[in-house]
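Residue numbers (full-length UniProt numbering): 1 to 267. Note that the Cβ used here is the ideal one computed from N, Cα and C, for glycine as well. Note that the coordinates shown come from a computational prediction; the quantities given were computed from them, not determined experimentally.
Spelled out as structure tokens, the structure:
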């Protein structure tokens, strides 16, 4: 304290978006605004557990999409998704998962038996049973998404147990006679963000087959068995030879003792 005044010093640190993302008009431009992740279902998720990098074949996983632009003016829908081997570029093995916002008939039976649910305008999710391709232990899922200004319109999907509402396909247009002009829109602008109308999200996961692991362990044990058997046989032969040698030594000692006694008596 000098002259009755208190002098203080402080370091001020300000956090915010990267300067390259801020346009001169002061809005954040997001080139890929939707994040997709796979993780355990909420009821089985442990505290602090993030997205998965590995799962077992047959596990039920939560496939979640979340828009990074936290703005109430924006919504999004999942149009199409497909899966492919994670380590192979062979498009012949590509498996369509979602088309026009609905699980495809090939996967609706078991892999994705439920529609996409809207938790809120920022988060959508569905459940996926873990599967894999023969050519790769990893799978890569890619989804095409469409963003909407205001709310998106849901679509009705057909399942074995009836028609269910899913959040995909078409967006709800505002009252406007010029539909063609609406279809030509390539980006949306809100008070804080500039986002593309169409986006893509990708995620990968390694799928472990417990049965395959078990077979691998059994095969390894079988490969080691001949060596173990050979070692056991060699040990048995050694023990037998040792016993036989001991018997021969005993006989020799007894014979020598008898000769010595006979020689003593003669003397």
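query	result
Segment contact flag, the stretch 154-162 with the stretch 101-119, C-beta cutoff 8 Å, min 3 pairs	yes
Where the beta strand (DSSP E) containing residue 199 begins and where it ends	198-208
Residue 116 to residue 212 span [Cα, whole Å]	32 Å
Pairwise C-alpha distance: residue 187 and residue 38	27 Å
Selected residue, minimal CA-CA separation from residue 71, among 191, 201, 207	191
Three-way DSSP call (helix, strand, coil) for residue 185 in this model	coil
Burial state of residue 35 (16 or more Cβ within 10 Å)	exposed
DSSP-derived helix/strand/coil call for residue 62	strand
Residue 110 versus residue 160: straight-line alpha-carbon distance, rounded	10 Å
CA nearest to the CA of residue 95, picked from 33, 76, 143, 75	143
Identity of the residues DSSP links to residue 78 by a beta bridge	145
Nearest-angstrom beta carbon gap, residue 150 and residue 73 [assumed within contact, 8 Å]	7 Å
Outcome for residue 62 when other beta-carbon atoms lying within 10 angstroms are tallied against a minimum of 16	buried
Cβ shell of residue 58 (< 7 Å), same chain only, five flanking positions each side left out	129, 130
Beta-carbon gap between residue 69 and residue 193 smaller than 9 Å	yes
Cβ pair residue 208, residue 137 closer than 9 Å	yes
Proximal residues to residue 256 (C-beta, below 8 Å), its chain only, five neighbours per side dropped	At residue 256 the pLDDT is 46, less than 50, meaning the model places this residue with poor confidence; the figure from the coordinates comes in the next sentence. For residue 256, where only same-chain residues beyond five positions count, there are no Cβ hits under 8 Å.
CA nearest to the CA of residue 204, picked from 122, 184, 64	64
Alpha-carbon spacing of residue 77 relative to residue 112, whole angstroms	17 Å
Residue 133, buried or exposed, once every other Cβ within 10 Å from all chains shown has been counted against 16	buried
Rounded separation between residue 139 and residue 86 - CA only	4 Å
Residue 57, DSSP secondary structure in three states	coil
Limits of the beta strand (DSSP E) - the one that residue 96 falls within	95-99
Alpha carbon of residue 127 to alpha carbon of residue 163, nearest angstrom	17 Å
As assigned by DSSP and simplified to three states, the class of residue 83	strand
Residue of 82, 185, 29, 80 minimising C-alpha distance to residue 148	185
Beta carbon of residue 121 nearer than 9 Å to that of residue 80	no
Assigned secondary structure, residue 92 (DSSP; H/G/I helix, E/B strand, else coil)	helix
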